[in-house]
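If you're matching positions, the sequence shown starts at 14 in our numbering and goes up one per residue. For every residue, glycine included, the Cβ atom is placed at its ideal position computed from N, Cα and C. The structure appears right after this line, and notes come after that.
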Amino acid sequence: MSDALVQESTNGPVRTLTLNRPAALNSFTQEMHAQLMAALDAAAGDAAVRAVVLTGAGRAFCAGQDLADPAVAPEPGAAPKDLGEVISRFYKPLVLRLKSMPVPVVAAVNGVAAGAGANLALCCDVVLAARSASFIQAFAKIGLVPDTAGTWLLPRLVGRARALGLAMLGDKLAAEEAERIGLVWRCVDDAALADEAAALAGRLAAMPSRALAATRAALDGAQSLTLEQALDEEARLQSDLGRAHDYQEGVAAFGARRAPQFTDR
Ligand code: T3D
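Given below as structure tokens:
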């Protein structure tokens with residue numbers, strides 16, 4: 014493996030991206046942001062990639078922003094840094110990149126996920142967590158609000174009461190509890206995480222990517238629609254997808270009792 018801050022490996026149609034600053038619990042520097050964005054762009058632009066796995070090296074998934082980074086660390090006597098600029102420049106594009114990926118993204122949360130690291134995982138389409146992993150909305154502890162879409166995601170995932178509790182208290186939420194309250198898809202034994210994530214990504218890779226990306230967008234978008242608007246959006250999407258190759262192939266494969274070969278992206 015290289016010493017890149019984001020390591021990339023490919024197995025068939027699955028691209029695995031590994032955050033790689035283990036000594037600082039894979040916390041984000043500007044360089045790691047740049048490498049992650051480049052890796053996601055490359056995966057999105059490669060027609061051979063049909064699913065992405067995002068994970069961390071060492072004992073953490075990601076501890077959020079590197080608090081020692083001079084771009085954000087307060088300096089005695091100096092003017093305060095504009096953290097909003099950091100969010101707009103790095104975290105917002107990262108969330109939007111994940112949400113516009115043409116293929117599904119699986120988070121394989123191998124250890125602690127704190128601050129922006131927790132919400133980075135929750136921005137992925139399916140979140141698998143090792144049993145020893147944990148999630149911490151660490152922001153309030155340093156006088157900030159949840160970012161990296163935390164304010165948007167948390168109430169949608171677990172309801173307002175739990176979202177506020179998690180965000181205000183900043184307690185460590187164990188993976189099993191995260192699964193129980195619906196914050197993540199599944200919690201698996203530590204030793205099984207990599208294999209389970211690869212198997213899940215492999216399954217998703219064999220599915221109709223374009224329909225899966227539209228499903229993500231439709232579920233996210235429906236939150237701000239009326240029922241009637243959501244029904245109209247479903248009709249629009251079915252019109253679009255119904256004309257595409259994958260629908261023809263899916264129905265043909267069903268009729269012929271064979272496995273479908275989906276190709277649309
Ligand atoms: O600021 C802005 O630009 C706005 C954007 C904000 C986005 C955010 O993500 S804000 C939230 C930032 N993250 C945090 O507040 C989490 C800070 N970390 C922790 O609370 C703890 O490290 C953990 C609970 C995640 C893990 O605790 P533990 O006891 O297992 O490990 P540790 O000993 O605290 O950390 C191990 C090392 O990683 C340590 O370095 P050392 O002493 O071995 O050289 C520690 O300093 C380093 N580390 C952990 N988190 C960060 C970090 N270094 C820089 N930034 C970090 N976020």
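Sequence-distant residues of its chain with Cβ nearer than 7 Å to residue i (five each side left out)
i      : result
Arg110 : Met50 and Leu53
Leu206 : Ala121, Asn123, Leu141 and Ala143
Ala129 : Phe41, Gly77, Gln78, Tyr104, Asp160 and Thr161
Arg175 : Ile194
Val99  : Ala84 and Val85
Ala134 : Phe74, Ala120, Val122, Ala126 and Val140
Leu18  : Asn33, Arg34, Glu44, Met45 and Gln48
C-alpha gap between residue i and residue j, whole angstroms
i      : j      : result
Gln251 : Pro168 : 28 Å
Ala153 : Ser15  : 35 Å
Leu182 : Cys75  : 19 Å
Asp203 : Glu192 : 15 Å
Glu21  : Thr68  : 11 Å
Leu244 : Leu238 : 9 Å
Asp253 : Gly90  : 58 Å
Met220 : Arg278 : 11 Å
Thr29  : Leu213 : 12 Å
Ala57  : Leu157 : 32 Å
Arg223 : Glu247 : 14 Å
Ala218 : Val62  : 8 Å
Thr23  : Pro35  : 21 Å
Trp198 : Ala92  : 43 Å
Lys185 : Ala266 : 46 Å
Close-in-space but distant-in-sequence residues of the same chain around residue i (CB under 6 Å, 5 per side omitted)
i      : result
Pro159 : Gln150, Phe152 and Ala180
Ala210 : Val66, Val119, Ala121 and Leu141
Ala73  : Leu38, Asn39, Gly124 and Val125
Lys94  : Val85
Gly263 : Pro273
Where residue i sits in the DSSP three-state scheme
i      : result
Phe41  : strand
Cys136 : helix
Ser252 : helix
Ser281 : Lying before the first or after the last residue shown, residue 281 is absent from the chain, which here runs from 14 to 278.
Thr31  : strand
Ser147 : strand
Val116 : coil
Closest Cα partner of residue i within the set the options
i      : options                          : result
Ala81  : Ala47, Lys112, Glu98 and Leu38   : Leu38
Met114 : Ala55, Leu196, Leu177 and Ile100 : Ala55
Gln200 : Val139, Thr164 and His258        : Just to set this straight, residue 200 is Cys in the shown sequence, not Gln. Comparing Cα positions, the closest option is Val139.
Leu170 : Val62, Thr276 and Asn132         : Asn132
Gln43  : Arg102, Asp208 and Glu189        : Arg102
Pro117 : Phe275, Pro106, Arg229 and Thr23 : Arg229
Ser145 : Gln261, Asp259 and Gly71         : Gly71
Same chain, Cβ closer than 8 Å to residue i, five either side skipped, listed in chain order
i      : result
Gly215 : Gly25, Pro26, Val27 and Ala64
Ala227 : Leu250, Asp253 and Leu254
**OP:** Scan the stretch 168-213 and note each continuous alpha helix (DSSP H) run of 4 residues or more that stays entirely inside, going in chain order.
**Re:** 173-182 and 188-193
**OP:** Counting only runs of 3+ residues fully inside the stretch 67-95, write out the beta strand (DSSP E) ranges in chain order.
**Re:** 73-75
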